[in-house]
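Numbering (my numbering), first residue to last: 918 to 1152.
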């Protein structure tokens, strides 16, 4: 009887240990599942945080870009845009390397002075064109007499218009005017830059002003392209 009781006790103890091990294994498996779910949740939160940061960065860049375009590129008058440029520089984080590179090339003095509008350049060209026509017949080393003669003859010379052929001053002025009326400042500037001698000297200030505008337009265009690509990538 005693042996039978010992046998039953051993069987009972084995049964209890088996149930305990089973319960422990179940709890451990449950804890493993909880830990896995917690890790997934943490990763999701981190990814959500990154998406929120990227979204805010893109939005901030877009606001700064719109402000700069409105203050400088789309403005109808030459006005400073230092604060708008600084705001864009602040918004252009390391996520936007092309924008950072583009705006770093805009000189401080250009932002302080502003750039002429398209309309201002067109109006200024009309005055410059008259001045250039007045010296179009002056040799590069011409004296006062040749300048007076050129000014007199320019008043009776035929003024060319449109996309005419030729390398003479009148042809260059005509093509420049055509491109300006077509709002193609780049081609207009390239055309006027072909002048030589006194006409080129009179055109230099206008060419410099036009180039400053073109450089800013290019920088803004690069930034806008990068912003658009960031939005597409984000979506």
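Glycine included, every Cβ here is placed at the ideal spot set by N, Cα and C. Please read these numbers as outputs of a predicted model, since none were measured by experiment.
Check, Outcome
"Taking a contact to mean a Cβ-Cβ separation below 7 Å, would you say residue 989 touches residue 998 in this structure?", "yes"
"Please list the terminal residues of the continuous alpha helix (DSSP H) segment that includes residue 1035.", "1035 to 1051"
"Residue range of the alpha helix (DSSP H) that residue 1081 falls in?", "Per DSSP, residue 1081 belongs to no alpha helix (DSSP H) and is neither H nor E."
"Spatial neighbours of residue 1133 within its chain, please: C-beta separation below 8 Å, excluding the five flanking residues on both sides.", "989, 990, 1023, 1027, 1032"
"Quick one: using the 10 Å Cβ neighbour count with 16 as the cut-off for buried, is residue 1083 buried or exposed?", "exposed"
"Would you mind giving the Cβ-Cβ distance between residue 1124 and residue 1106, rounded to the nearest angstrom? I have them listed as a contact below 8 Å.", "6 Å"
"Would you identify the three-state DSSP class for residue 1010, choosing helix, strand or coil?", "coil"
"Is the Cβ of residue 1122 closer than 7 Å to any Cβ of chain D?", "This model lacks chain D altogether; it includes just one protein chain."
"Taking the alpha-carbon positions, what's the residue 1095 to residue 982 distance?", "31 Å"
"If I follow the unbroken alpha helix (DSSP H) through residue 1098, where does it start and stop?", "1086 to 1098"
"Going along the chain, which residues of its own chain have a beta-carbon closer than 7 Å to the beta-carbon of residue 1089, five neighbours each way excluded?", "1108, 1109, 1111, 1112"
"Go through its chain and collect everything with a Cβ distance to residue 1021's Cβ below 7 Å, but skip five positions before and after it.", "none"
"Name the two residues that bound the continuous alpha helix (DSSP H) containing residue 1105.", "1102 to 1109"
"Ordered along the chain, which non-local residues of its own chain (more than five positions away) have a Cβ less than 7 Å from that of residue 1045?", "1119, 1120, 1123"
"In chain order, what residues of the same chain have a beta carbon less than 8 Å from the beta carbon of residue 1030, not counting five sequence neighbours either side?", "995, 997"
"Whole-angstrom Cβ separation of residue 1008 and residue 978, contact assumed at under 8 Å?", "5 Å"
"Among 1127, 1013, 1010, 1025, whose alpha-carbon lies nearest the alpha-carbon of residue 1097?", "1127"
"Helix, strand or coil: how does DSSP classify residue 948 here?", "Only weak support exists for where residue 948 lies, its pLDDT of 49 falling under 50; the value from the coordinates is given anyway. In the structure shown, residue 948 sits in a helix (DSSP, three-state: H, G or I)."
"To the nearest angstrom, how far is the alpha carbon of residue 973 from that of residue 987?", "21 Å"
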